[in-house]
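Structure record follows, encoded as structure tokens.
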Amino acid sequence: MRRTRAKAPRRGLMIRFLDGVERVGNLLPHPFWLFCWLIVALLALSAVFSALGVGAWTPETQILRTEVDGRRVDGQPFAVDDAFTPFVIRLEKAAHSARLRNIHVELRAADGTLVHEEPIARESLRAFEVSRERFPMLEQGRAYRIGFVSRPERVEVRSLLSREGLNWFVLEMVRNFAHFEPLGLVLVMLMGVAIAEGSGLIPALMRAIALAVPVWLITPALFALAACGNVGSDAGIVVIPPLAAAIFRQLGRNPILGLIVGYVGATAGFTANMLPAGTDVLAMSLTNAATGGNPEINVLANWYFMCVSVVLLALLGTAVTNWYIAPRIGTAEGAKDGASIPRLTAVERRGLLFAGLTLLVSGSLWLLTIVPEGGLLRNPDPAPEFFWRSNFFKGLVPILFSLFAVSGIVYGRVAGTIARANDVIEFMTDSMKRMGGYIVLILVISQFTKMFQFAGFDRLIAIKGAELLSAIGFRDAPIPFFVAFIVIIAAANLFMGSASAKWAIFAPIFVPMFLSLGYHPAFTQLLYRIGDSITNCVSPLYPFFPILLGWIAGIDKEKAKVGTVLSFLVPYALFLLAGWVVMLVVWFLAGLPVGPDSPIAI
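In our numbering, the protein residues as written are 1079 to 1680.
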């Protein structure tokens, strides 16, 4: 009888695609050498593009909002008569000035005729005097208008191999590394977390959560928690993944899977939150600057959509985790799904009780600096949008550090895991020993990032992407235009991670363009934020990607390869892109507002 060979089970298209991503990605060298080669390529490209005169023009003239004594005076005429006295104008507080370039002051007649124009320094936006001495062309008996404008500017690639580039590098190389923002954030946060972990607080707390919460709810709850964690900006990216890994370890699941869940939720969740965050304030200020405040959006402009997005992220993220990522990662060595979790001892329960009380008291003390008017860390401006720009939210990293450290110390003393003061120092020291590889990697990442910005490639890519979208048009087919806008933003985000830098370039172009088509600025801002969030988790250039590699290497070095990790992350980006686009289309067709006082159409 003829024997037939059994056929191997057919592998799905997605699995084969991810296998390809892993194979290709793993051909890349270690991230340190990868960034070294990228720097070499950047040096060559900057020299060639500079020699060829490659460049682009920034958006057309942008009229900036001005105020006098806290009152908006945009376009309002003033009379030059016997009662005329000098006055000071300044940039309206809600406008975002850090990204403005080529700033001019314009003096016009009441009918709009240009009388005088001159360039001014950005510092002059804080206080600019209008007087007869400053403007001798002011005529008695006439009315004038005055204001600030940002003129178009030619952005050309600067060579890193030129005299200017070499001088910049030798002067800024150390500063590039020492002032690289994610470095300090990561190290400070991890020292605080190390105290809570070394004392046993985090393992005990994770066991308590794992025992109390149904297993099926753990993963979606972690996605939602990670998304809402961005109220602390980037701090959530450092805090949530290790906590998620600890919970998964207690459940007998692979802690690498917990790291991936926490990382995706925290990085892709910048368009999903139940609370306003600093990113909302920053985006709002740039959007309002692009419209001149007419119409003006508020800090909750995208809140309705973002609240529903938390649910979308939790459901889609859980589905992708269970369908693709959990089988791909596998179980940890010696771990069993559904393994019994040891119950807390009496000492551990007592330690958690005292740590919880400490957290409640210290957290309440911190809240007293922001909740009441006149709080020490509250923005003195009473406008609601400025509440979220208070130093409390800007300084969440030291606040979170103190909460982790104090509660960890109290737990350790009560549970007996901290016998002497030097134990706390050892916990922090041990955590920094594990960060040596990350610090070395940041040396080259910080140089690449700053060199990329110095050469002007970041602005050039954003401007060219904006020009491409403008050329596409789709005026009679809005949905394809929306999708194209999201995709191009997502692609630009792979190379230019700063949300504010990209929006500072895109907003002056697309907010007025969408406004002319009848779409509210809040809706345009939402489209941008969707595209800006999707590819955070899959960009190897994202500042926190190396720390994810480091966490994974601490568990399984074989899985801590660029291609392997990307094969874990890519499905989330693809499904979230599809999910957010579908949700956006349904929202658009239903005509629902995206936030309070924020309709889709004007």
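By construction, the Cβ of each residue, glycine as well, lies at the ideal position given by its N, Cα and C atoms.
By the beta-carbon neighbour count (other beta carbons within 10 angstroms, threshold 16), D1610 is buried. The shortest CA-to-CA distance from I1487 to any of S1240, I1198, V1271, F1162 is the one to V1271. Each residue's CA atom was taken as its position, placing L1667 and A1346 some 25 Å apart. Here the alpha carbon of V1158 sits roughly 23 Å from the alpha carbon of S1202.
For E1242, the enclosing alpha helix (DSSP H) has its first and last residue at 1241-1256.
Taking 8 Å as the cut-off, the beta carbon of P1621 is found no closer than this to the beta carbon of P1230.
Here the alpha carbons of A1392 and L1106 stand approximately 32 Å from one another.
Nearest Cα to A1540 within the set A1119, P1109, G1133: G1133.
DSSP, reduced to helix, strand and coil, places I1496 outside both helices and strands of the structure shown, so it counts as coil.
When only Cα atoms are considered, I1523 and I1517 end up about 10 Å apart.
Contact annotation: the segment 1290-1309 does not touch the segment 1441-1458, with fewer than three C-beta pairs closer than 8 Å. For S1676, there is no enclosing beta strand (DSSP E), as DSSP gives it neither H nor E.
Under a 10 Å Cβ-count criterion, W1629 is classified as buried, with 16 or more other Cβ atoms of the shown protein chains found around its own Cβ. Listed in chain order, the non-local C-beta contacts of S1485 below 7 Å within the same chain comprise A1274, L1279, A1433, T1436, L1437, local neighbours out to five positions each way being set aside.
Judged by their CB atoms, I1520 and F1255 are nearer to each other than the 8 Å cut-off. For E1217, DSSP records no beta bridge to any residue.
At the C-beta level, I1407 and F1646 come within 8 Å of one another. Bounds of the alpha helix (DSSP H) holding P1109 are 1109-1130.
Taking the Cα positions, P1599 is about 7 Å away from L1593.
Between the alpha carbons of P1298 and G1395 lies a distance of about 7 Å.
Assignment of alpha helix (DSSP H) within the segment 1521-1550, counting only whole runs of 4 or more residues, yields 1535-1550 in chain order. Under the 8 Å Cβ criterion, the segment 1600-1609 counts as touching the segment 1375-1384, having at least three qualifying pairs.
Comparing alpha-carbon positions, the option among W1581, G1669, L1627, R1236 lying closest to G1514 turns out to be L1627.
Cβ contact annotation for E1426 (same chain, cutoff 7 Å, sequence separation greater than five): A1282, A1493, in chain order. In terms of Cα proximity to S1237, the closest of F1505, P1420, F1530 is F1530. Here L1430 is buried: its Cβ has 16 or more other Cβ atoms, across all protein chains shown, within 10 Å. The continuous beta strand (DSSP E) containing E1184 extends over residues 1181-1187. By DSSP's assignment, H1194 forms a beta bridge with L1185. In the DSSP assignment, no residue is bridged to G1270.
Residue burial annotation: M1267 is buried, with at least 16 other C-beta atoms found within 10 angstroms of its C-beta.
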